[in-house]
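Residue numbers (my numbering), protein chains in the order written: chain A, 160 to 435; chain B, 320 to 425.
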């Protein structure tokens, strides 16, 4: 049961942390709980479908279907996070000043909240499909009660860590809040881009450039809990390839520069009629 | 993103059809057979993992920076390297107590 719980925990962790960062980043937007909750539910439903189709996907495109599928999902999630980050570059300041006075939902999020909901559902879908396959396998050799208990325990563990992160984040003073969640979104997006790069390397679609830039596995193992947390939060990889590093840096720098530029352009313009 | 896409096109044209040395590992009763393979250094390797079990397995190696779910009774291709000489352990994440192995690069 505990072995099952540990694997489920590992698979749940990424989705749970992404959901809590997104929930924090959408603070002050109306309907965010419904949107994010809906994203998680859609992700779970999608995971069941994808798990059922695994063989079909894995066998597609001369055996690299799974890698291309995963890379596409990751790149789509990066695009959604980027969309939100650039939206915040224009609306973040008004949102923060409003949040200082009111605690509850103050503004229609519109497209950006939908984008983040999609990002969450993609994370749940990807990790969830692996969990479903694992559970299917283990259920053939272990009593169902133990399997279900392990599943519940592992998922609860992942959700608990996500909740802890969220509670920690909402205690950050409003003045710094969106700056912090903004950095977290950038790090998250860059890490997901590096993961996408790895899948494309694994499928031999892209060259690694340098197979192993460095090896920090003796300092911080990726299999350890801190290693796993950092892997999700900032994209920590103990043996990154040159391609992964390049994709990470390009995504992070691209987002930082584009958001500065959008923010400066917005400050120079008179406030729009619908702005807060 | 634009650089990334440009890189994609360049790479698809360049490397996808290279003829790389191929090695095979099977998964049988949640164990890798053989548990150890030796591959040449400095070359890209095409690794074929045949899952003979009825259940899915996830091939995973933190050191090689690879992970791939292999459905039951099917096979997967994973490209690795070019690698430096050394030992690169891997596991079957769904059955980590039995499914372990390593790639020795010489």
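Backbone N, C-alpha and C fix where the C-beta goes; we use that ideal spot for every residue, glycine too. Note that this is a predicted model, so its numbers are computed, not measured.
{"Check": "Using 10 angstroms around the beta-carbon of residue 420/A, count the other beta-carbons present and answer buried if the total reaches 16, otherwise exposed.", "Outcome": "exposed"}
{"Check": "Can you name the start and end residues of the alpha helix (DSSP H) that residue 305/A belongs to?", "Outcome": "303-329"}
{"Check": "Please look up how many angstroms separate the CB atoms of residue 401/B and residue 362/B, rounded, as I've assumed it's under 8 Å.", "Outcome": "5 Å"}
{"Check": "Quick one: list the residues of chain B neighbouring residue 225/A, beta-carbon separation under 7 Å, in chain order.", "Outcome": "387, 388"}
{"Check": "Using the three-state DSSP reduction, which class does residue 376/A fall into: helix, strand or coil?", "Outcome": "coil"}
{"Check": "Who are the neighbours of residue 378/B on chain A, taking C-beta pairs under 7 Å?", "Outcome": "What residue 378/B touches in chain A: nothing, since even the nearest Cβ is about 10 Å away."}
{"Check": "Residues of chain A with CB closer than 7 Å to the CB of residue 382/B, please, in chain order.", "Outcome": "376, 398"}
{"Check": "At 8 Å on the CB atoms, spell out the chain A contacts of residue 375/B, in chain order.", "Outcome": "213, 292, 293, 295, 296"}
{"Check": "So residue 385/A is in the beta strand (DSSP E); what residue range does that whole segment cover?", "Outcome": "Not the beta strand (DSSP E): residue 385/A falls in the alpha helix (DSSP H), residues 384-393."}
{"Check": "Look at the alpha carbon of residue 368/A and the alpha carbon of residue 305/A, and state the distance between them as a whole number of angstroms.", "Outcome": "45 Å"}
{"Check": "Where does residue 336/B sit, in a helix, a strand or coil, going by DSSP?", "Outcome": "Its pLDDT being 49, under 50, residue 336/B is placed unreliably by the model, and nothing is read from it."}
{"Check": "Below 8 Å on the Cβ atoms is my guess for residue 166/A versus residue 182/A; work out the distance and round it to an integer in Å.", "Outcome": "Not quite, the Cβ-Cβ distance comes to about 25 Å (not below 8 Å), so this is no contact."}
{"Check": "Using the DSSP secondary-structure output, state which residues sit across from residue 347/B in a beta bridge.", "Outcome": "350/B"}
{"Check": "Who does residue 385/B pair with in a DSSP beta bridge?", "Outcome": "380/B"}
{"Check": "Got a sec? Which residues, its chain only, sit under 7 Å from residue 172/A by beta carbon, not counting five neighbours each side?", "Outcome": "317, 320, 387, 391"}
{"Check": "Classify residue 393/B as helix, strand or coil using the three-state DSSP reduction.", "Outcome": "strand"}
{"Check": "Hey, could you find the ends of the alpha helix (DSSP H) residue 209/A is sitting in?", "Outcome": "191-211"}
{"Check": "Step through the CB atoms of chain A and report whether any lies within less than 8 Å of the CB of residue 396/B.", "Outcome": "yes"}
{"Check": "When the Cα atoms are used, what is the spatial distance from residue 340/B to residue 379/A?", "Outcome": "32 Å"}
{"Check": "Is residue 401/B close to chain A, meaning its C-beta is less than 8 Å from at least one C-beta of that chain?", "Outcome": "yes"}
{"Check": "Would you mind sorting residue 372/B into buried or exposed? The rule is 16 or more other CB atoms within 10 Å of its CB.", "Outcome": "buried"}
{"Check": "Helix, strand or coil for residue 406/B per DSSP?", "Outcome": "strand"}
{"Check": "Buried or exposed: where does residue 221/A fall if 16 or more other Cβ atoms within 10 Å of its Cβ makes it buried?", "Outcome": "exposed"}
{"Check": "From 402/A, 345/A, 273/A, 357/A, pick the residue whose C-alpha is nearest to that of residue 413/A; which is it?", "Outcome": "345/A"}
{"Check": "Mapping DSSP to helix, strand and coil, what is residue 271/A?", "Outcome": "helix"}
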